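Residue numbers (this note's numbering), protein chains in the order written: chain A, 67 to 215; chain B, 67 to 215; chain C, 67 to 215; chain D, 67 to 215.
Note that beta-carbon positions come from the ideal geometry of N, C-alpha and C, so glycine has one too.
None of the values given here were measured: they were computed from a predicted structure.
First up is the structure itself, then whatever we jot down about it.
4 protein chains.
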Amino acid sequence: MAAFEPSDPGYAKRVRNSYARQQVMTFIGAELVDLQPGYCEIHLPYRPELSQQDGFFHAGIISTIADSAGGYASYTLMAADTRVLTVEYKMNLLAPARGERLIARGQVIKNGRTLVIAKADIGVIRNGEETLCATLLETLISLADNLSR
Amino acid sequence: MAAFEPSDPGYAKRVRNSYARQQVMTFIGAELVDLQPGYCEIHLPYRPELSQQDGFFHAGIISTIADSAGGYASYTLMAADTRVLTVEYKMNLLAPARGERLIARGQVIKNGRTLVIAKADIGVIRNGEETLCATLLETLISLADNLSR
Amino acid sequence: MAAFEPSDPGYAKRVRNSYARQQVMTFIGAELVDLQPGYCEIHLPYRPELSQQDGFFHAGIISTIADSAGGYASYTLMAADTRVLTVEYKMNLLAPARGERLIARGQVIKNGRTLVIAKADIGVIRNGEETLCATLLETLISLADNLSR
Amino acid sequence: MAAFEPSDPGYAKRVRNSYARQQVMTFIGAELVDLQPGYCEIHLPYRPELSQQDGFFHAGIISTIADSAGGYASYTLMAADTRVLTVEYKMNLLAPARGERLIARGQVIKNGRTLVIAKADIGVIRNGEETLCATLLETLISLADNLSR
């Protein structure tokens, strides 16, 4: 994966400010643990409140942190006066998300002028061992100063 | 959309039991409000805890109820002694999910022997008016008696 | 589905000119048979040269006409001085594409300022009867006067 | 990416036989150039007949070789008495597919009992230099002895 050069040297503060406004991250207990140009890593400890019918992490919860990981990986590369919105994503579930912690690693694949394409791989830690449990591919858009598309 | 004939006459109880075990539904405040063969509707009132950085419903939360709506629409048609797991889904965001309530309507498109293909349209109610804000297309698998794929 | 008002009254000629430049359509034998604001229908007669290993239409060929159907449905609504490019698509195969003709019906779901979201349903005609064999969901972008994104 | 152990030692012959029956590969001029357990690479020289309105490879043609690359990567790992069918795929276009040759590299991500998840990265060669122009994520199913799903 190519290294990316952020156009905004203050990207880390800008991303963390936006992340802090995502109240759902606090609500589910997610934590932004690493941020690099084109990369973002979010962790989520298991809680029964996040589970589907078998007690595993619900697919929607997996995609909640995966979408944010891919979105903030993308937002590190966007200009200072922009906002980021998700256009779409697709996620494949690869193994039951059974374990004590999820790790979503978002990575920019293509940094376009208007659109950014990112992926996120999601691992689940069980008894200290990580298994790849999902992979997500998404499109994000950089918007100037309003919310419509 | 063709009408579907459930193979299990006790489908409604079976689906509602599974739904009740999805602790994440209670956690976010979602409610299963309609269930028909091949159809499932889930509502979710707005709470700031479910928001992304602009105060709208987070995409991951949208997909949480959309995935469950599509999954339980599918599960109505599965055999009595099966479980359902999501294989993958893809969601497009069509408008900002800004409003007081989300409505996810899951609908089976194709009821195959092993795989079921479903879609979910998600509307957001704002000031009493509904806008289509997302659409999801997904694949589910019917499993006999274990969790591996 | 809402009716759409094209901003360019000359949309039909513009779309048909672009379609005529898609040499792959002639190569595989596809035909644009209907065009309305937000709608495009493309037919493709079967030829063994379009088949996968079982003699059915290859998934890639299905998506070739489905992508163009969704793309030109979208392009009917774009401004006169724009071009259209596909951002991404996702297609589910619902039944074997076995038959004498494919019909792809592209339909705009959301006509945004920069992005258009469209779907295409693909039917296969066998012995005169049509079966839904695939469904595609895609994102398109309207570009002003150059090719980069 | 983990190394995969094929269950069928005769996988290469089985895959190449199936590939040879995909008449569309011959029709468009694609060539299977590398096959390893869990990996398949297909090349496609440019011809104007494969182009969209700007003269680039049409997205559907890109996905035709990408789907086959992912599908045959998957089929290398399936049992001897099975067939493979594509369930669904999603492809993002990353750059205009302008050049003299496409290279699709299919790679298994998860080899499940019934379903296999694969990806394919597609590069375009222009003036001898390769650019990543698309990425595809797909689900395949292993079927025993009939064609229905």
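Query                                                                                                                        : Result
Spatially closest choice to C/Ile108 from C/Leu206, C/Val190, C/Val150, C/Ala69, by CA coordinates                           : C/Val190
Pair within 7 Å by beta-carbon distance, C/Phe123 and C/Ala96                                                                : no
Cβ neighbours of C/Lys185 in the same chain (closer than 8 Å, five flanking residues each side left out)                     : Gly136, Gly172, Gln173, Ile175, Thr201, Leu202, Leu203, Glu204
Reference A/Leu151, options A/Glu71, A/Phe70, A/Val81, A/Asp74, closest by Cα                                                : A/Val81
Residues bridged to D/His238 [DSSP beta-bridge criterion]                                                                    : Only positions 67 to 215 of chain D appear in the structure, and residue 238 of chain D is not among them; the question remains open.
Top-ranked residue by Cα proximity to B/Glu154, from A/Ala78, A/Met144, A/Gly165, A/Gly126                                   : A/Gly126
Through-space distance from B/Gly178 to A/Thr92, alpha-carbon basis                                                          : 39 Å
Within 7 Å, strictly: CB atoms of C/Glu115 and D/Gln89                                                                       : yes
C/Lys79 versus C/Met144 - alpha carbon distance                                                                              : 13 Å
N- and C-terminal bounds of the alpha helix (DSSP H) containing A/Ala135                                                     : 125 to 141
Cross-chain neighbours of A/Lys185 in chain E, by beta carbon under 9 Å                                                      : Among the protein chains in the structure shown, which are A, B, C and D, there is no chain E.
CB contact below 7 Å: C/Leu213 versus chain D                                                                                : Model confidence at C/Leu213 stands at a pLDDT of 46, short of 50, so the residue's coordinates are unreliable; what they give is reported in the following sentence. It does; some Cβ of chain D falls within 7 Å.
Alpha-carbon to alpha-carbon, C/Lys156 and C/Gln102                                                                          : 23 Å
N- and C-terminal bounds of the beta strand (DSSP E) containing D/Ser208                                                     : 195 to 209
B/Leu144 - DSSP class collapsed to helix/strand/coil                                                                         : Note that residue 144 of chain B corresponds to Met in the displayed sequence, not to Leu. It is coil, neither helix nor strand.
For C/Gln119, three-class secondary structure by DSSP                                                                        : coil
Where C/Ala69 falls: helix, strand or coil (DSSP)                                                                            : coil
A/Pro75, buried or exposed, once every other Cβ within 10 Å from all chains shown has been counted against 16                : exposed
Within chain D, the residues that C/Arg125 reaches when beta carbons sit closer than 7 Å                                     : The residue asked about is misnamed: residue 125 of chain C is Ala in this sequence, not Arg. Under the 7 Å cutoff, chain D gives Asp133, Thr152.
Rounded straight-line distance, which links the Cα of B/Leu160 to that of B/Thr197                                           : 9 Å
Cα-Cα separation, D/Ser208 to B/Glu166                                                                                       : 44 Å
Under 9 Å by beta carbon: chain B residues contacting C/Thr160                                                               : Reading off the sequence, residue 160 of chain C comes out as Leu, not Thr. Neighbours of C/Leu160 on chain B, chain order: Ile175, Lys176, Gly178, Ile183.
Rounded separation between B/Leu168 and B/Thr148 - CA only                                                                   : 29 Å
Under 8 Å by beta carbon: chain C residues contacting D/Glu115                                                               : Gln89, Val90, Thr92, Phe93
Buried versus exposed, by CB contacts within 10 Å (16 or more), C/Gly194                                                     : exposed
Distance between beta carbons of B/Thr142 and B/Pro72, contact taken as under 8 Å                                            : 6 Å
Buried versus exposed, by CB contacts within 10 Å (16 or more), C/Ala210                                                     : exposed
Residue interval of the alpha helix (DSSP H) (run including D/Arg82)                                                         : 77 to 87
From B/Ala170, B/Tyr105, B/Arg192, residue whose alpha carbon lies closest to that of B/Ser129                               : B/Ala170
Interface partners of C/Lys156 on chain B, CB under 8 Å                                                                      : Lys156, Leu203
Proximity to A/Asp100 [Cα-Cα], best of A/Ser134, A/Ile94, A/Gly121                                                           : A/Ser134
C-alpha distance - C/Ser20 paired with D/Asn158, whole-angstrom precision                                                    : The structure shown does not extend to residue 20 of chain C, since chain C is modelled only from 67 through 215, so no value can be given for it.
Cut-off 7 Å between Cβ atoms - residues of its own chain near D/Asp187, not counting five sequence neighbours on either side : Arg171, Leu198, Thr201
Contacts of C/Thr28 in chain D (Cβ-Cβ under 7 Å)                                                                             : Since the displayed chain C opens at 67 and closes at 215, residue 28 of chain C lies outside it and no answer follows.
C/Ile131 beta carbon less than 7 Å from that of C/Leu110                                                                     : yes
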